Amino acid sequence: MLPITAALVAIAVTGAFHAIEEPSRTDPAYLSPSADDPTGADTLASRLRARGVTISRETRTSDALLKATRGDATLVITTPGLMHWRYLGMLRLLPSSTRVVLVEPSELDLRNGRVPMELTGVAWSTVATAPGGGGCPIAGTADAGPAAVTRSRYTGPDVVTCYDQGLVQAFSGNTEVIAVGSADIFRNDRIAEHDNATLAVGLLATKSTVIWLDLHEAEPGPLVDENAPSNGPVVPPSLRPGDDEPEDDRGDGQGGKPTPQSGPSREASGGGGEEPPNIWDVFPPALWAILVGLLLMLLLLALWRARRLGRPVHEPLPVSVRGSETLLGRARLYQRAKATATSLETLRQVLRPRITEALGLPPLTDTDTLADAVVARIGGDRELTAAALGDDRPSTEREMLKLARLLSSISDAVRGADSSADDQSNDDQGDDR
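In the UniProt record's numbering, the protein residues as written are 1 to 433.
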């Protein structure tokens with residue numbers, strides 16, 4: 001039981017440390033095109049600029065969406081889980097010449113963005129996979145070989161899948177949406193591995209401009225001018241974030257005031273109204289990992305206190321027990337367990353030292369020598385004597401009792417003969433005096 005518990009604890013501790021080591025999406029350096037940290041992406045940004053691609057880094061979703069409405073651009077969303085669900089629902093309104101790249105989107109992100117694909121699973125870690133037979137048909141990936149892009153896997157109707165479902169293309173309305181199953185191909189510390197660089201650059205360099213949404217905290221929902229046309233092919237130009245600006249200052253330049261967007265309802269986006277913050281999302285993952293580690297330490301402490309991890313030791317009994325009761329109790333245990341061989345061996349361990357002492361032999365005398373000495377002293381059958389003194393293992397209780405009685409009689413006879421010899425010697429010494 002203890003090895004299994006230790007193995008489970010080791011696995012849980014490994015999982016806790018793995019959670020701590022996972023990069024936080026709220027870290028300002030995470031996949032930022034201007035960060036040279038290990039989890040940053042300035043190496044990828046430099047390679048894109050070398051290909052003649054213009055990079056526009058945006059820190060507000062509204063600004064990124066407005067620029068994406070101009071077309072001929074790739075909108076990179078590295079943290080879709082931090083976008084407001086209304087903004088995700090606007091992705092389908094972008095022009096067909098805009099490509100949207102979502103990095104590790106969750107099932108909820110896909111539903112809110114109305115992307116016709118679903119998350120099929122998330123692996124423990126990212127693995128490098130091949131594009132697939134005949135290469136990947138998604139534009140920009142033809143030159144890429146095996147890459148570490150498969151951690152989250154996606155599927156759906158009318159989708160194009162590559163890299164063992166780690167890279168999937170779908171269309172939300174007229175907008176091309178690509179789900180990338182791992183952030184490793186963009187990270188500074190992983191881009192040089194496998195063919196990550198070729199795949200990352202190829203995905204983002206199909207358009208002349210990359211609009212990089214560098215978002216690291218949750219945003220409020222958007223506000224739009226309710227009088228602006230909203231049934232066009234693109235996001236309304238009056239789009240703006242719902243910041244904390246005073247109500248009186250929220251003019252639209254024409255005497256009107258923007259109001260919260262009256263576009264797609266929460267139900268249409270895969271939910272049932274504004275959901276309260278999930279308790280798992282309120283605190284950073286590292287905190288939960290630390291709490292799990294503390295619980296495991298308490299479990300180990302409880303196991304250590306509840307069980308002695310070592311050999312048994314003799315402890316004084318709180319009361320006195322008669323020897324006959326102990327003997328009878330042990331005998332009944334042997335009888336219940338049908339341990340005939342063990343019972344006889346216990347008797348031998350007690351009587352053999354007495355027999356060898358009476359015969360004047362060493363305690364560890366072998367069975368043959370001891371049997372010869374016994375027969376020479378008291379007579380009897382040599383084979384039966386050796387069987388009683390030796391290592392014969394009885395198979396039945398009847399055989400055990402027969403050998404036990406013989407062994408006991410041998411002990412009594414040898415010691416009785418030894419006592420008689422001592423008495424005769426004392427008498428002879430008295431006569432000499």
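All residues carry an ideal CB built from backbone N, CA and C; glycine is no exception. Quantities reported herein were computed from a predicted structural model and do not represent experimental measurements.
Cβ-Cβ separation between valine 159 and alanine 170: approximately 5 Å, consistent with a contact (criterion under 8 Å). Contact between the segment 100 to 113 and the segment 69 to 80 is present: 3 or more CB-CB pairs across the two stretches fall below 8 Å. A contact between stretches requires three or more CB pairs, one per stretch, nearer than 8 Å, and the segment 385 to 393 meets this requirement with the segment 366 to 374.
Note that the C-beta distance between leucine 407 and arginine 348 is below 9 Å. As DSSP reads the structure, serine 172 sits in a beta bridge with Thr175.
By alpha-carbon distance to aspartate 214, the top candidate from Ala45, Trp304, Ile138 and Ala413 is Ala45.
As for any alpha helix (DSSP H) of minimum length 4 sitting wholly inside the segment 63 to 144, the runs are 85 to 89 and 107 to 112, ordered along the chain.
The secondary-structure analysis by DSSP pairs threonine 209 across a beta bridge with Thr54 and Ala73. Under a 10 Å Cβ-count criterion, serine 182 is classified as buried, with 16 or more other Cβ atoms of the shown protein chains found around its own Cβ. In the DSSP annotation of this structure, the continuous segment of the beta strand (DSSP E) that includes threonine 161 starts and ends at 160 to 162. Annotated three-state conformation of alanine 358 is helix, per DSSP. Cβ-Cβ separation between serine 172 and arginine 92: approximately 4 Å, consistent with a contact (criterion under 8 Å). The secondary-structure analysis by DSSP pairs arginine 153 across a beta bridge with Gly121. Excluding residues up to 5 positions away in sequence, Ser343 lie with their Cβ nearer than 8 Å to the Cβ of alanine 331 in the same chain. The segment 135 to 142 makes no contact with the segment 183 to 191; the number of CB pairs closer than 8 Å stays below 3.
Each residue's CA atom was taken as its position, placing proline 157 and isoleucine 178 some 14 Å apart. With a contact defined as Cβ atoms closer than 8 Å, threonine 120 and tyrosine 154 qualify at about 6 Å. Counted as a single uninterrupted DSSP element, the alpha helix (DSSP H) harbouring isoleucine 378 occupies residues 367 to 378. Counting the other CB atoms within 10 Å of its CB gives serine 208 a total below 16, which places it among the exposed residues. It is roughly 18 Å from the alpha-carbon of leucine 384 to the alpha-carbon of threonine 340. Straight through space, the alpha carbons of leucine 299 and glycine 293 are spaced by roughly 10 Å. CA-to-CA, the gap between valine 100 and serine 56 works out to about 14 Å.
With distances taken between CA atoms, threonine 175 lies nearest to Asp72 out of Ser24, Asp72, Trp304 and Ala128.
In the three-state reduction of the DSSP assignment, proline 353 falls in the helix class. Rounded to the nearest angstrom, the gap between the Cα atoms of lysine 338 and glutamate 397 is 8 Å. Apart from sequence neighbours up to five positions away, the residues of its chain that approach arginine 51 with a beta-carbon distance below 8 Å are Val201 and Ala205, ordered along the chain. By the beta-carbon neighbour count (other beta carbons within 10 angstroms, threshold 16), glutamine 335 is exposed. Secondary structure of valine 180 (DSSP, three-state): strand. Nearest Cα to valine 122 within the set Ile290, Val180, Thr74 and Val313: Val180.
Within the same chain, and ignoring the five residues on either side of alanine 218 in sequence, the residues whose Cβ sits closer than 6 Å to its Cβ are Leu82. Ranked by Cα distance from threonine 150, the first of Arg60, Val127 and Arg70 is Val127. Residue environment analysis places serine 24 among the exposed positions, since fewer than 16 neighbouring C-beta atoms fall within 10 angstroms of its C-beta.
Look at leucine 31 here: in three-state DSSP terms it is coil, with no helix or strand label.
Put simply, of Thr161, Ser125 and Thr74 the residue whose alpha carbon is nearest the alpha carbon of proline 116 is Thr161.
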